[in-house]
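Visitor: Sequential numbering from 596 applies to the sequence shown in this note's numbering. Can you keep this structure in mind? I'll have questions shortly.
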Amino acid sequence: MAFLMLPAALAVILLGARFFTNGVEWLGLRLGLARGAVGSVLAAIGTALPETMIPVVAIVLGRGEDAAQEVGVGAILGAPFMLSTMGFILAGLSAVILFRRGRGGRLTPQPALTRRDLGFFLGTYLLAIGSAFLPGGTRTYVVYALLGAYVMFLARALTQGEPVGEGGNGEGPGPLLVAPRLAVPPLWLILGQVIAAFLIVMGGAKVFVNSVADMASGFGVAPLVFSMLVAPVATELPELCNSVIWIRERKDTLALGNITGAMVFQGSIVPCVGIAFTNWELTPAAMASAGLAVISAFLAYWFIGRRGYLNGWLLIGTGALFYGLFVAAVTTGRLA
596 MAFLMLPAAL AVILLGARFF TNGVEWLGLR LGLARGAVGS VLAAIGTALP ETMIPVVAIV
656 LGRGEDAAQE VGVGAILGAP FMLSTMGFIL AGLSAVILFR RGRGGRLTPQ PALTRRDLGF
716 FLGTYLLAIG SAFLPGGTRT YVVYALLGAY VMFLARALTQ GEPVGEGGNG EGPGPLLVAP
776 RLAVPPLWLI LGQVIAAFLI VMGGAKVFVN SVADMASGFG VAPLVFSMLV APVATELPEL
836 CNSVIWIRER KDTLALGNIT GAMVFQGSIV PCVGIAFTNW ELTPAAMASA GLAVISAFLA
896 YWFIGRRGYL NGWLLIGTGA LFYGLFVAAV TTGRLA
């Protein structure tokens, strides 16, 4: 039954993501937001909620049980790892195979916005990981610093870059899907489409997660492995589906912002839960996933800074290499 439910849930997620991306673009247009804010804030936070709830429920409601904390910490660190590996792989594949863009499958988001997101992620995530080596009493200040850093990110994201629909590069929204004949749909209709699409995506993601969890249990996958490798693949689907749709429409700033903006959220806000409510002692597997996520993000940050674009093959190669190395190390018992 789990195998049968997976494709059905994926179809529901894709359908919801199509309506969500269209609606959130119109919402950004009506609110006068910068294009980078639409992808890096509105879409990223909205679609990051499923994976955010896993560590919150596991840690806060787990009543201090070791297994619950293990799942919670694994989910916290698994999300950035998945976004910086599988997320980059899917973005690269979309450019190289599905929608060819010349040699190398170039993705051309606004470089300053992508570097802004990746820079914030690298700074906050390294701070969150580094706090594991600090005395317990000082970690409260790290939580405050991470929250403050994300507020700064929001302030910059909401004001930096061209507004949605400007720039003359075809990145304006198409007709609102629930009312294609309206040239300027009312705000209430836009909000209705966004909320309905969000609920559809979340419902599909829930079915997908449950199906994957049943399969993991059936195959005897350990809780840490499930929380770091299996669950994030399912819960990151909303972001990844959104990005594929935007790449197909050649809206690379929105597509990459959806991934990198989610990385910022997952690397700053979500670790606060682990730092505040667990002993935040990271296993070798947890440290390895964090280190690989940082390296992957830095390579993308460096490449787009030098070239002004991202190479699809580079994203595929580095993502596959890092993900493959980590899976091999965990499944063979080299990382405990």
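Positions of the beta carbon are idealized from the N, C-alpha and C atoms, including for glycine. In this text, all values refer to a predicted model and were calculated from it rather than measured experimentally.
Between the Cα of A606 and the Cα atoms of L851, F917, N853, P833, which residue gives the shortest distance?
Guide: In the sequence shown, counting from the first residue as 1, residue 606 sits at position 11. Of the candidates L851, F917, N853, P833, the one whose C-alpha sits nearest the C-alpha of A606 is P833.
Visitor: According to DSSP, is R710 helix, strand or coil?
Guide: Here residue 710 refers to the residue found at position 115 when the sequence shown is read from its first residue. Here R710 sits in helix by DSSP.
Visitor: Taking the alpha carbon of V738 as the point to measure from, which residue in L749, G725, V796 has its own alpha carbon closest?
Guide: If you number the sequence shown from 1, residue 738 lands on position 143. Closest option to V738, Cα to Cα, is G725.
Visitor: With distances taken from CA atoms, which of C867, F921, Y745 is nearest G884?
Guide: For this step, residue 884 is matched to residue 289 along the sequence shown. It should be pointed out that residue 884 corresponds to Ser in this sequence rather than to Gly. Minimum Cα distance to S884 is reached at F921.
Visitor: So, using beta-carbon positions, are P866 and A723 closer together than 7 Å?
Guide: In the sequence shown, residue 866 corresponds to position 271, counting from 1. In the sequence shown, residue 723 corresponds to position 128, counting from 1. In contact: P866 and A723 (Cβ atoms closer than 7 Å).
Visitor: Our contact map puts I785 next to L771 with C-beta atoms below 8 Å; I'd like the distance itself, whole angstroms only.
Guide: Residue numbering aside, residue 785 sits at position 190 when the sequence shown is read from its first letter. Residue numbering aside, residue 771 sits at position 176 when the sequence shown is read from its first letter. With 8 Å as the limit, I785 and L771 qualify as a contact, their Cβ atoms being about 6 Å apart.
Visitor: Would you be able to state if there are at least three C-beta pairs under 8 Å between the stretch 728-745 and the stretch 893-901?
Guide: Counting Cβ pairs under 8 Å, fewer than three are found: no touch.
Visitor: Measure from the alpha carbon of G700 to the alpha carbon of each residue in P781, G798, D847, W621, then state which is nearest.
Guide: Within the sequence shown, the letter at position 105 stands for residue 700. For the residues P781, G798, D847, W621, the minimum Cα distance to G700 belongs to D847.
Visitor: Just to confirm the assignment, what range does the alpha helix (DSSP H) spanning L887 have?
Guide: As a position in the sequence shown, residue 887 is number 292, starting the count at 1. Counting along the chain, the alpha helix (DSSP H) containing L887 begins and ends at 879-902.
Visitor: For the alpha helix (DSSP H) that R734 lies in, which residues bound it at each end?
Guide: The sequence position of residue 734 within the sequence shown is 139, counting from 1. Element bounds for R734: 734-752.
Visitor: Along the chain, where does the alpha helix (DSSP H) containing M858 start, and where does it finish?
Guide: Residue mapping note: residue 858 aligns to position 263 of the sequence shown, counting from 1. M858 -> alpha helix (DSSP H) spans 847-872.
Visitor: Mapping the DSSP letters down to three states, classify P758 as helix, strand or coil.
Guide: Residue mapping note: residue 758 aligns to position 163 of the sequence shown, counting from 1. Note: P758 maps to strand in three-state DSSP.
Visitor: List the residues that DSSP assigns as beta-bridge partners of L592.
Guide: The question about residue 592 has no answer here: the residues shown for the chain are numbered 596 through 931.
Visitor: Please name the residue or residues paired with A629 in a DSSP beta bridge.
Guide: Your numbering for residue 629 matches position 34 in the sequence shown. P758, per the DSSP bridge assignment.
Visitor: Counting only the same chain and skipping the five closest in sequence on each side, list residues whose C-beta sits under 8 Å from that of F683.
Guide: Your numbering for residue 683 matches position 88 in the sequence shown. Counting only Cβ-Cβ distances below 8 Å, and skipping sequence neighbours, we find I854, S891, A895, L910, I911, T913, G914.
Visitor: When the Cα atoms are used, what is the spatial distance from T709 to L610?
Guide: Start at 1 with the first residue of the sequence shown, and residue 709 comes out as number 114. Start at 1 with the first residue of the sequence shown, and residue 610 comes out as number 15. So the alpha carbons of these two residues sit roughly 27 Å apart.
Visitor: Taking the C-alpha atoms as reference points, what is the distance between W908 and T616?
Guide: Within the sequence shown, the letter at position 313 stands for residue 908. Within the sequence shown, the letter at position 21 stands for residue 616. Near 25 Å, if we compare the C-alpha coordinates of T616 and W908.
Visitor: Taking the C-alpha atoms as reference points, what is the distance between G798 and Q788?
Guide: Numbered from its first residue, the sequence shown carries residue 798 at position 203. Numbered from its first residue, the sequence shown carries residue 788 at position 193. Each residue's alpha carbon lies about 15 Å from the other.
Visitor: Go through its chain and collect everything with a Cβ distance to F893's Cβ below 7 Å, but skip five positions before and after it.
Guide: If you number the sequence shown from 1, residue 893 lands on position 298. So the qualifying residues of the chain are L717.
Visitor: Among A871, V859, G919, T926, which residue has its Cα nearest to the Cα of G667?
Guide: Position 72 of the sequence shown, counted from the start, is the residue given in the question as residue 667. Residue A871 is the option with its Cα nearest to G667.
Visitor: I'd like the span of the alpha helix (DSSP H) that includes I684, first residue to last.
Guide: Locating residue 684 in the sequence shown gives position 89, where the first residue counts as 1. Residues 683-688.
Visitor: Could you give the distance in angstroms between the alpha-carbon of P934 and the alpha-carbon of R625?
Guide: No answer is possible for residue 934: the residues shown for the chain start at 596 and end at 931.
Visitor: Restricting to Cα atoms, I'd like to know which of A888, F793, Q705 is closest to A639.
Guide: Working through the sequence shown from its first residue, we reach residue 639 at position 44. Per the Cα distances, F793.
Visitor: In three-state DSSP terms, what is A674?
Guide: Position 79 of the sequence shown, counting from 1, holds the residue named residue 674. The answer is helix: DSSP assigns A674 an H, G or I state.
Visitor: Can you tell me whether DSSP reads R843 as helix, strand or coil?
Guide: Taking the sequence shown and counting its residues from 1, the one referred to as residue 843 is at position 248. R843 falls in the helix class under three-state DSSP.
Visitor: Smallest Cα separation from N874: which of V859, I654, I692?
Guide: Working through the sequence shown from its first residue, we reach residue 874 at position 279. Closest by alpha carbon: I654.
Visitor: Quick one: Cα of T733 to Cα of M882, how far?
Guide: The sequence position of residue 733 within the sequence shown is 138, counting from 1. The sequence position of residue 882 within the sequence shown is 287, counting from 1. Taking the straight line from one Cα to the other gives about 20 Å.
Visitor: Among L637, F614, A604, R613, which one has its Cα closest to the Cα of G623?
Guide: The count along the sequence shown starts at 1 and reaches residue 623 at position 28. That would be L637, whose Cα lies nearest to the Cα of G623.
Visitor: Label F715 either buried or exposed according to how many other C-beta atoms from any shown protein chain fall within 10 Å of its C-beta, with 16 as the threshold for buried.
Guide: In the sequence shown, the residue the question calls residue 715 occupies position 120. Buried is the call here.
Visitor: Let me make sure I understand the geometry here. Which of L599, R630, I608 has the alpha-carbon closest to that of V1016?
Guide: No statement about residue 1016 is possible, as the shown extent of the chain runs from 596 to 931 and does not include it.
Visitor: On a CA-only basis, which of G631, M600, L599, W621 is nearest L777? Give me that one, please.
Guide: As a first step, residue 777 is located in the sequence shown; it is residue number 182 there, counting from the start. Comparing Cα positions, the closest option is W621.
Visitor: So what does DSSP say about G935, is it helix, strand or coil?
Guide: Look at the range of the chain in this structure, 596 to 931, and you will see that residue 935 is not part of it.
Visitor: Leaving out the 5 sequence neighbours to the left and right, which residues in its chain are closer than 6 Å to T927 when beta-carbon positions are compared?
Guide: In the sequence shown, the residue the question calls residue 927 occupies position 332. No residues qualify anywhere along the chain.
Visitor: For T754 versus Y918, is the C-beta distance shorter than 7 Å?
Guide: The sequence position of residue 754 within the sequence shown is 159, counting from 1. The sequence position of residue 918 within the sequence shown is 323, counting from 1. Result no, Cβ atoms of T754 and Y918 do not sit closer than 7 Å.
Visitor: Expressed to the nearest angstrom, what Euclidean distance is found between the alpha-carbon atoms of A750 and V802?
Guide: Here residue 750 corresponds to residue number 155 of the sequence shown, with the count starting at 1. Here residue 802 corresponds to residue number 207 of the sequence shown, with the count starting at 1. Roughly 35 Å separates the two Cα atoms.
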